[in-house]
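Okay, so the first sequence: first residue is 9 according to the numbering used here, each after it adds one.
Heads up, the beta-carbon is just placed ideally off N, CA and C, and yes, glycines get one too.
Note that this is a predicted model, so its numbers are computed, not measured.
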Amino acid sequence: MTKIKTALQIYQKLYSHYGPQSWWPGDTPFEIIVGAVLTQNTAWRNVEKAIENLKRERLLSPRKLFQQPVAKLAKLIRPSGFYNIKAKRLHKLLEFLNQKYQGSLSRMSKVPTAILRNKLLSVKGIGEETADSILLYALSRPVFVVDAYTRRVFSRHNFFPFKNKYSEIQEFFELNLPKDIKIYNEYHALIVRLSKEYCRKNPNCSNCPLSNLSN
DNA sequence: GACCAGGCACATC
DNA sequence: GATGTGCATGGT
């Protein structure tokens, strides 16, 4: 049997197995941006509750949300955990969005990807994964999102060392895949799907869907 | 009741 | 540069 061992072949395997994931779960780019902050080290289920609170209060717009006191933000996003620090982070990001782009995602969309990424990273509370999630899923930029699942799964299959830096892992994917937004979008989502659905329930990796695919 | 979840900043060495 | 820690809710 021919061993499958490229990043693209792993992707194709996952895609044929699970099908399209159609990420990000969220109705608008702004909702995706908010979700990207709230989901930091947090189960998505809890993020949904927090976003639901914001929707119920009709605050899910860049300007309106920025007008809210941080304490009120914290109260509303409480179900997503780390709510005090996340309220500050969200406020900082909203401040960035409103002061630099008048709260307009269209205006922000005029900034080239590499420059915008650096600007996002300069906002306290926005790290690499959050910035890249915003770029890919809210703004449709071809940026590969790396998360803890990606690191675990692919280091386990010996594609790179577990301790590699974020940028090195991201480079691995971006150099080994077509620069295709659709692939980047689905790939990350598929890794999350695999991790939740398979890895979490099979810590010993028995019958791993990828086991005879890596080198 | 322990353990985990789609990180990040910060302190310390 | 590497390692450790606080942040917090809700599901398994």
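**Item:** Complete runs of the alpha helix (DSSP H) confined to the stretch 132-215 [at least 4 residues]
**Value:** Counting whole runs of 4 or more residues, the stretch 132-215 contains the alpha helix (DSSP H) stretches 136-141, 156-164, 174-184, 189-202.
**Prompt:** So the alpha helix (DSSP H) V119 belongs to, where does it begin and stop?
**Reply:** That residue, V119, is in no alpha helix (DSSP H); it is neither H nor E in DSSP.
**Asked** alpha helix (DSSP H) containing S24: first to last residue?
**Response** Taken as a continuous stretch (DSSP letters only), the alpha helix (DSSP H) holding S24 covers 15-26.
**Asked** According to DSSP, is A51 helix, strand or coil?
**Response** It is coil, neither helix nor strand.
**Request:** State the Cα-Cα distance for the pair E182 and K171, rounded to the nearest angstrom.
**Result:** K171 has its alpha-carbon roughly 18 Å from the corresponding atom of E182.
**Asked** Taking DSSP as the reference, what is the three-state secondary structure of F90?
**Response** F90 sits in coil when the DSSP states are folded into three classes, being neither helix nor strand.
**Prompt:** Where do the N-terminal and C-terminal ends of the alpha helix (DSSP H) with P66 fall, by residue?
**Reply:** First, the residue type needs correcting, since residue 66 is Arg and not Pro in the sequence shown. Run containing R66: none; DSSP gives neither H nor E here.
**Item:** DSSP-derived helix/strand/coil call for N223
**Value:** Residue placement at N223 is poorly supported in this model, since its pLDDT is 43, which falls under 50; the coordinates still yield a value, given next. In the three-state reduction of the DSSP assignment, N223 falls in the coil class, being assigned neither a helical nor a strand state.
**Message:** Are the CB atoms of V161 and Y5 within a distance shorter than 9 Å?
**Reply:** Residue coverage of the chain in this structure runs from 9 to 223, which leaves residue 5 outside it and unanswerable.
**Message:** One question on the structure: do R208 and Y26 come within less than 9 Å of each other, judged by their Cβ atoms?
**Reply:** No, they are not a contact pair.
**Request:** Spatial neighbours of S141 within its chain, please: CB distance less than 6 Å, with the 5 preceding and 5 following residues excluded, ordered by chain position.
**Result:** Setting aside the 5 residues that flank it on each side, S141 is surrounded in the same chain by A44, V153, each with a C-beta closer than 6 Å to its C-beta; the list follows chain order.
**Prompt:** In three-state DSSP terms, what is G43?
**Reply:** Here G43 sits in helix by DSSP.
**Message:** Using the Cβ count rule (16 or more neighbours within 10 Å means buried), how would you classify T121?
**Reply:** Burial call: exposed.
**Prompt:** Exposed or buried, which one is S30 when buried takes at least 16 other CB atoms within 10 Å?
**Reply:** By the 10 Å Cβ count, S30 comes out exposed.
**Request:** Whole angstroms is fine: what's the gap from H196's alpha carbon to E137's?
**Result:** Roughly 11 Å between the two C-alpha positions.
**Prompt:** Should G111 and L101 be called a contact, given that it needs their Cβ atoms to be closer than 9 Å?
**Reply:** No. Outside cutoff.
**Request:** Give a yes or no on whether the C-beta atoms belonging to L81 and S117 are separated by under 9 Å.
**Result:** With a cutoff of 9 Å on beta-carbon distance, L81 and S117 are scored as not near each other.
**Message:** DSSP three-state label for L218, please.
**Reply:** Of the three classes helix, strand and coil, the one that applies to L218 here is coil, per DSSP.
**Request:** Output the distance between the C-alpha atoms of L73 and L62, rounded to the nearest integer angstrom.
**Result:** Spanning the two alpha carbons is a distance of roughly 9 Å.
**Prompt:** If we call anything under 9 Å between Cβ atoms a contact, is L46 one with L185?
**Reply:** Cβ distance not < 9 Å, so L46 and L185 don't count as in contact.
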